[in-house]
Each structure stands twice: as C-alpha cells, then as structure tokens.
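In the numbering used here, the protein residues as written are 660 to 1142. First the structure, in the form of structure tokens, and then the observations on it.
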Ligand code: GLU
C-alpha cells in the first residue's frame, strides 16, 4: 500500500516537472495552435459591421472575415466567426476562451495589451471627430468641451478621451454607446441626438457614403495600430509566431494592401465595399421596382422603405434570386411558406413582394399585443427568418435571465443562445440559427435607415458648390434619377 503510494507520488512529481518545463519552454501539446489544429477550426470573435464582418448576398464578407479566412486556410482548418454585441462582450468572449482570436478593427491600447496577447499591427487607424456639415465645426479638443460627444463603450477612444481629459481638457464629457457598430454613432448624429462622434478613420471612410452630410472635423489623436488579440492565460507561443509570420508575409507580398483597398479603399470618394454596392443598387436597380414596392407596401399598410430594405437583404432586389437551400425570388420565400401565402410563382416579383409583405404583417399580428414599435417590427423580422416558435423561445430565455422580452435590444442578445445546446435543450422548439436571424435584422435596419434618409427631402443638405465633392457619386446619380 505504502509502496504503491510512493510510486504514485513519484509519478505525480514527474508529471509536475514535465508540465512546468512545458510551460516554461512552450510544449507544442499545450499550445492553442495545436488545440485549433486538433479541433479543425479557428474560432474568431468579431463585430458585425461593414468594416469587419457582415453578411452579403453571396455570404459572409468583410475585411476581418477575409483576413482570418486566409489565416484559417493557412492553418488548414475551418473558420468559425462569432459576433459580439458590443466591445465588452467581445473581450468577455475572448477571456472566457469562447474564441481563439478577436479580429474586429481593434486598436492596440496599453490596457488591452496588459491583459491580452496580441499580434503585430496589420493596419493603422486614426481616431477622428465627426460632425454634421452646416453645424458648428470643432477644431480642437477644447472646442469639444461644450459639445455632446458619443463614442462606443469600451472602445479605445474612451481611453483616448480619458487621456485628453487628464492632460488637456478637464471638463471634457462624453456618452458611451453600448453597440458594436460605429454606424450607430453616426445614426445618432443624423438624428441630432449628438453633436460629434468619435470614429476610426477606416470605419468612417466606409460609412461616410451612407451619411453624406457628415464630415471629419479633425483627428482626435495620432495614428494607432490595429491588431488581433488572443485569448489570455493560454500558451499562445506557437499561435502568435504563426500569426505574425502570416501577417508579415501578407504585408510584404501585397495581399494586405489589396484586401485593404478592397474593403476600405476609395476612388473618387466612393467607398468600394457594401456602401458602394448599396448606393449603386439604389441607383440602378431600385428604380425598377420602387413603384411596385411602394404600391405593395401601401396595400399592406407598411413603410415602403422597410419592404425595400427587406427585399434588398433577401435578394439584392433580384426577382430571380435562388439559394442552394431552395428559397427563391425577390423576398426569398421557402416553398411551404409560399404555398401558405398563396404565392404560386415565387419568381413573379409581384407575387413575391406581396407574399413577403403579407407574411410580415401576419407575423406582426401574431406577436403579443403589448410589444411596441419599433421593437414589434424588429421581432417580426427575426421571426420572418427563424419562425415565431424560435423567437418565442428566445423571449422566454430573455425573461428567465431577468431582461425584458419585449425589447429587441434584449431579445437579440439571447437569440444566438438558441445555437448552444445548454440553452436549446431546454427550449420548446430547440436549435435555431439565432445568430443569423440577428444579423439579418440588423442588416435590414441598416438599409432601412439609409433608404429613409435618402427619401426625406428635409434632411437633405443644400447643394454644395461642387456637388461631386460633397456626395459620393452613387448617391448623386440616385437623387437625380428618383427625385
Ligand atoms: N478601434 C476601436 C477599438 O478598438 C473600435 C472601433 C471604433 O470605436 O471606432 O476600440
């Protein structure tokens, strides 16, 4: 007995020594690199935004999506993207090791570097102060002290503002907005609910074409590095070396420059990514269906901008759209839904739009009476994607967790839980692709607000001297054709 215990002790000591040596020298078996390889997937947490990761017609896209896709390819594994609702959520997912890497247009800051290992810089960005042309234009930090400033909560810009407050302008104040996408800040500017927003240069470059009245007032701070962060308290030695070698190669062989150009690039003031594609579609395709969309929307007593935004999200206004999963037409109806709605030919744009509008109206009617607008609409849109049963499950989880099941903001945080067995096992309708539903609703909201903005003449700026300096080309042409 005693001898056996002594033997055990020796074994323990040997294991302990090996483990300690491994930790000191970086044994391969423990490195996150090997974990990723053995699991066959690289899990990346990102933000759903036009500069990082979003769903386009042909599937997911975005700068970070493209870049981490190449990394996964190089590692010979699949890429799995998770989205965060805000920056706090993003870093929590990383801390909880729910993701291997955070790739989301993240700035290198001292505070973050102290907690999370990070890659070398793969891009640079400058924090900028954005204002609405025609209003007071601040030119220095001291001008900002009297203004309503909005900034993303937990962002690097909050750190920068604290530094400025300490060193330059003690009475600087700001409001931190709990979102993942800086477009929400620009939206507040548009609505007149804030005077200035602090946004990274690369993000503003892309989003400005959605908000032609908004301009850079001045650079808030010097250029900063964009990096990927890795999960803390893990042996990342091998993974970091691999990532850095990969990024260096992309930097030197021109791939990085090409990707940057593709995603943030500018030519004649027109952004090349989704904003450009959207404005181009608004100019070229929407006019073909605008009248019909308006007519159908009126019939179903809905806002035509919403129907147009839904149709854009579903098919990019393509009446012949067909997906490999068998959904078809302008509103991408499934066969059973179409049958239920009395749609005989899903490729008939008239029938498809009517079917979609009717389906949404139907879903809205079936939601509990107490749901108020606009939450009622956002929830109906989620149900349009995953069905009322799953939406109800997410609302039940929301309530159980002490949040408000009648608020979209609260429910959208629980919808992705329907993909986790821990949660869906206990729901009535089981597994659902809740994350996708959230992305779709957020995209529709995004397109909806652009369409609404374009259509309110009061909101449009007075023509500048050289209009091409002021509006992105796409928007100008769109205006000329439709107003
Ligand atoms: N780069 C920012 C950060 O790392 C996020 C984007 C923004 O707020 O403009 O916090």
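Just so it is clear, CB atoms sit at the ideal spot from N, CA and C, and this is done for glycine as well.
Q. Would residue 1022 pass as a contact of residue 1039 if the rule is Cβ separation under 8 Å?
A. yes
Q) Using DSSP with H/G/I as helix, E/B as strand and the rest coil, what is residue 802? A) helix
Q) Should the stretch 802-817 be regarded as contacting the stretch 841-856, the criterion being three or more beta carbon pairs within less than 8 Å? A) Yes: the two stretches touch, three or more of their Cβ pairs being nearer than 8 Å.
Q: Confirm, please, whether the CB-CB distance from residue 1096 to residue 1074 is below 8 Å.
A: yes
Q. Regarding residue 784 and the ligand GLU, is the C-beta to nearest heavy atom distance less than 7 Å?
A. yes
Q. Comparing the CB of residue 1093 with every heavy atom of the ligand GLU, is any distance shorter than 7 Å?
A. no
**Q.** Neighbourhood of residue 1089 by C-beta, 6 Å cutoff - its chain only, sequence neighbours within 5 removed
**A.** 1083
Q | residue 882 versus residue 746: straight-line alpha-carbon distance, rounded | A | 20 Å
(Q) Just to check my reading of the structure: residue 765 and residue 780 have Cβ atoms closer than 8 Å, yes? What is that Cβ distance to the nearest angstrom? (A) With 8 Å as the limit, residue 765 and residue 780 do not qualify as a contact, their Cβ atoms being about 11 Å apart.
Q: Assign residue 1122 to one of three DSSP states: helix, strand, or coil.
A: Reliability of the predicted coordinates at residue 1122 is poor, the pLDDT of 32 falling under 50, and the value obtained from them is presented with this limitation in mind. Residue state, collapsed to three classes: coil.
Q. Just to confirm, are residue 750 and residue 761 a CB contact at a threshold of 8 Å?
A. yes
Q. Who does residue 784 pair with in a DSSP beta bridge?
A. 883
Q. Can you name the start and end residues of the beta strand (DSSP E) that residue 846 belongs to?
A. Premise fails: residue 846 lies in the alpha helix (DSSP H), 842-849, not in any beta strand (DSSP E).
**Q.** alpha helix (DSSP H) runs wholly inside the stretch 975-1061, at least 4 long, in chain order
**A.** Within the stretch 975-1061, the complete alpha helix (DSSP H) runs of at least 4 residues are 994-1000, 1008-1025, 1034-1045 and 1047-1059.
Q. Which residues have their C-beta within less than 6 Å of a heavy atom of the ligand GLU, listed in chain order?
A. 746, 764, 765, 766, 811, 814, 815, 816, 841, 858, 859 and 862
**Q.** Three or more C-beta pairs below 8 Å linking the stretch 831-839 and the stretch 874-890
**A.** no
Q) Between residue 725 and the rest of its own chain, which residues show a CB-CB distance below 6 Å, the 5 nearest in sequence each way excluded? A) Closer than 6 Å at Cβ, skipping near neighbours: 918.
Q: Using three-state DSSP, classify residue 903 as helix, strand or coil.
A: helix
(Q) Measuring only the C-alpha atoms, how far is residue 633 from residue 858? (A) The requested residue 633 is not part of the displayed model; the chain covers only 660 to 1142.
Q.
Can you list, in chain order, the residues of its chain with a C-beta nearer than 7 Å to that of residue 692? Leave out the 5 residues immediately preceding and following it.
A. 897, 898 and 901
Q. Mapping DSSP to helix, strand and coil, what is residue 862?
A. Helix.
Q. Is residue 1108 buried or exposed, if buried means 16 or more other CB atoms sit within 10 Å of its CB?
A. buried
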